[in-house]
Each structure stands twice: as C-alpha cells, then as structure tokens.
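Q: The numbering used here applies: residue 203 is where the sequence shown begins, and numbers increase by one.
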Amino acid sequence: VSVAKEIDLPGPFENMGAKMVQQVAKKTADVAGDGTTAATVLAAAIYDRGLRTVASGANAVAVQRGINAAASIACDAINDFASKCKGKSDLQKIAT
C-alpha cells in the first residue's frame, strides 16, 4: 500500500485509474490485513477490461452494472465455499 500511495500519473484518466487502485489496496489492507497485491491486480484487470469495453462503444453505465453484478455473484460464491472457524485449532490450521 505504501508504494501505491506514491503513484501519481500525468494523464487525468490514468491518474483516476491509479487512485482507484490505491483505494482498493487501502481498503483491502484495512479490512483483511493482507491480499493487497491480489486485489490490486484484480482491480487493474477489471478497470482495463471495462475501459476497453466502453472504448469499443459499450454503454458505461451498463458496464458498471455488469461489473457490480459479477462482483456480487463472486462474493456469494466465496461465501458459499467459506467455513466458519470453530475455535483456536481451526485458526492454527489456517495459519500453517
């Protein structure tokens, strides 16, 4: 996250994308404490593909709604696979 904070690009659109990725990294660090690299790579890929889709003529609002719907489906799938930790031994298994 500290490296991401230092990024400042000259172009307004590029800088907007960089700031968005900075927010993703910070929120990931604040909420999960780890996974900022994975979140940053994923956010950059979604941003890049969304930008290309809009540049090819797609409606920006429809693209955003599609991204939000896909994110919701992905979160639901992750929650379906998740299992609750039942105690210290479960936490130790995760940590090792």
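Glycine residues also receive a C-beta, built at the ideal position from the N, C-alpha and C atoms. Remember, it's a predicted structure, so these values are computed and weren't measured experimentally.
Is the number of C-beta pairs between the segment 233 to 253 and the segment 208 to 225 that are closer than 8 angstroms three or more?
A: Flag = yes, the segment 233 to 253 and the segment 208 to 225 touch.
Q: Do Gly237 and Thr230 have their C-beta atoms closer together than 8 angstroms?
A: Yes, the Cβ-Cβ distance between Gly237 and Thr230 is below 8 angstroms.
Q: Could you tell me the alpha carbon to alpha carbon distance between Gly268 and Gly252, rounded to whole angstroms?
A: Going by the C-alpha atoms only, they are around 10 angstroms apart.
Q: Can you tell me whether Glu208 is helix, strand or coil according to DSSP?
A: Here Glu208 sits in coil by DSSP.
Q: Quick check on Gly268: does DSSP put it in helix, strand or coil?
A: In the structure shown, Gly268 sits in a helix (DSSP, three-state: H, G or I).
Q: For Ser285, does the three-state DSSP call read helix, strand or coil?
A: In the structure shown, Ser285 sits in coil (DSSP, three-state: anything other than H, G, I, E or B).
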